[in-house]
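Structure, as structure tokens:
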Amino acid sequence: MPTVAVPLGEIATGVPRHRFVRRRRLQMTNPVKAIARKAVIALFGVWIKVSTSLVRKLNWFPSVKSYVGYGTEEYSRLVCRTIYAPTHAKPHTPMRGIHAMLEVPAAHERVRIDIDDVPLKTVQVGTMEVYDPMDPSRSQTMDYSISDSAGYLDLLAEHRLRPGVHTISCMVPRRPPVEAELFTIPSDTKVGVISDVDDTIMVTQVPTVWKAAYNMLLLSPHKRASVPGMAVMYNKIRAMFPNAPFFYLSTSPWNVESQIRGFITDYGFPDGPLLLRDLDPRPKTFVPSGVQHKLEYAEQLMEDFPDMKFILIGDDGQKDPTTYAQIVRRYPGRVLAIGIRQLSPREAGGGLASMTGLAATQPVPDTDVPVFTGATGANMMKTMLPYLEQFV
0 MPTVAVPLGE
10 IATGVPRHRF
20 VRRRRLQMTN
30 PVKAIARKAV
40 IALFGVWIKV
50 STSLVRKLNW
60 FPSVKSYVGY
70 GTEEYSRLVC
80 RTIYAPTHAK
90 PHTPMRGIHA
100 MLEVPAAHER
110 VRIDIDDVPL
120 KTVQVGTMEV
130 YDPMDPSRSQ
140 TMDYSISDSA
150 GYLDLLAEHR
160 LRPGVHTISC
170 MVPRRPPVEA
180 ELFTIPSDTK
190 VGVISDVDDT
200 IMVTQVPTVW
210 KAAYNMLLLS
220 PHKRASVPGM
230 AVMYNKIRAM
240 FPNAPFFYLS
250 TSPWNVESQI
260 RGFITDYGFP
270 DGPLLLRDLD
280 PRPKTFVPSG
290 VQHKLEYAEQ
300 LMEDFPDMKF
310 ILIGDDGQKD
320 PTTYAQIVRR
330 YPGRVLAIGI
340 RQLSPREAGG
350 GLASMTGLAA
360 TQPVPDTDVP
370 VFTGATGANM
380 MKTMLPYLEQ
390 FV
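If you're matching positions, the sequence shown starts at 0 in numbering that gives the first Met the number 0 and goes up one per residue.
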């Protein structure tokens with residue numbers, strides 16, 4: 000989903016980095032799928048038109064949501080979204096998923112971004128759901144950027160920063176600035192963690208569709224349950240590798256970012272960037288599959304931190320075992336260990352799996368990397384943490 004920037008100066012110059020880039024797009028060759036896609040896009044277009052007209056009559060006007068970013072000492076990856084909201088709306092207030100999913104995008108809005116109160120002027124406009132390498136020859140100098148048709152703005156910022164946590168400030172006309180964290184990760188960091196969210200750290204019961212829908216859309220964000228022992232395990236990993244960044248990779252949409260962010264804070268998980276999914280069906284990539292989405296972001300992290308090795312943690316209720324096995328094959332030597340949280344039969348299929356004899360979970364991935372399993376964090380860390388000690 001390309002965003003459109005308004006250049007107000009000359010294009011920055013520099014020598015581009017040469018990186019191996021894969022660009023995967025969801026091919027819609029099946030005629031039935033093509034027709035279904037057109038129908039979904041048409042319905043989505045009608046909803047956007049009607050909802051936009053309605054919120055304007057209610058005197059709502061554009062606001063911005065700034066999401067937690069990450070980067071190196073040389074560049075940062077930033078994502079924000081412009082949406083319509085009432086005058087006194089608070090952008091980062093956790094809300095029920097049904098309310099978040101009904102947010103109305105404010106397309107093509109001007110967004111000004113500061114980092115630590117310094118205006119950001121040199122940026123490279125990125126493409127949602129597609130890995131964009133940092134390329135100084137594509138950078139532009141501008142006072143503001145413009146969000147795309149879904150309200151998203153995906154930027155790579157040339158802005159040298161010291162390692163640590165910095166503050167992003169995004170502002171649109173008639174609204175106060177909205178802040179978020181920016182994690183600047185030292186280039187010499189040796190170990191990082193990529194973690195799934197649903198049913199890995201947060202109980203959502205994704206394999207049971209109706210329960211997952213209820214938990215995501217209707218359950219109060221303050222009543223989400225944590226997988227037992229996982230926060231303890233994550234903090235033990237943080238103590239073992241004090242500089243290790245934690246990246247939370249989920250197929251949930253950006254709309255529920257505040258829910259997940261609040262959950263991570265409430266249950267004491269190590270803070271870190273959330274890498275979520277755009278569910279707008281209009282771009283060329285359409286709606287990426289969960290596997291495609293996770294592989295794309297895994298590739299981005301591998302390329303952004305070429306000297307870092309990763310610990311991958313997920314669950315067997317979706318396709319994490321298969322996805323992580325693919326990552327190991329594509330990036331030999333870059334994964335230290337895999338942790339797979341095993342769902343109970345009730346979690347995996349609401350009791351139906353045990354009654355029908357059908358497996359609702361995936362087997363342990365077959366890789367050359369050690370795989371540690373357990374139903375809880377306490378079970379998993381008994382074997383996983385002693386193994387990881389050799390890399391301290």
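Here a beta-carbon is modelled for each residue, glycine too, at the ideal position from N, C-alpha and C.
- The alpha-carbon of Leu160 is positioned some 8 Å away from that of Tyr74.
- Cβ neighbours of Gly163 within its own chain (closer than 7 Å, five residues either side excluded): Thr183.
- DSSP, read as helix, strand or coil, puts Ile200 in coil.
- Here Ile193 is not near Leu335, since their CB atoms are 7 Å or more apart.
- For Phe262, the enclosing alpha helix (DSSP H) begins and ends at Glu256 to Asp265.
- Non-local beta-carbon contacts of Lys381 in its own chain, meaning distances under 8 Å to residues more than five positions away in sequence, involve Gly373 in chain order.
- The residue from Asp131, Asp198 and Gly338 with its alpha-carbon nearest to that of Thr366 is Gly338.
- Contact between Ala377 and Pro227 holds, since their C-beta atoms are separated by about 7 Å, short of 8 Å.
- For Tyr386, the number of other beta carbons within 10 angstroms of its own is below 16, and it is reported as exposed.
- The beta carbon of Thr199 lies closer than 8 Å to those of Val226, Met229, Ile312, Gly313, Asp314, Asp319 and Arg340 in the same chain, with the five residues before and after it left out.
- The three-state secondary structure of Arg345, taken from DSSP, is helix.
- Taking a contact as a CB-CB distance under 8 Å, the pair Leu384 and Lys235 counts as one, their CB atoms being some 6 Å apart.
- Relative to Tyr143, the option among Pro85, Val171 and Tyr130 whose CA is nearest is Val171.
- The DSSP-derived three-state label of Ala297 is helix.
- In this structure, Asp187 and Asp306 form a Cβ contact; the two beta carbons are roughly 7 Å apart against a cut-off of 8 Å.
- Separation of the CB atoms of Gly150 and Ala105 is rounded to 5 Å, and the pair is thereby assigned contact status at 8 Å.
- The alpha carbon of Leu181 has as its nearest neighbour, out of Gln139, Glu388, Thr81 and Ala156, the alpha carbon of Ala156.
- Going by C-alpha positions, Ser257 is about 25 Å away from Asn242.
- Judged by DSSP in its simplified three-state form, Asp303 adopts helix.
- Every unbroken stretch of the beta strand (DSSP E) spanning 3 or more residues and falling wholly within the segment 21 to 67 is given here in chain order: 60 to 65.
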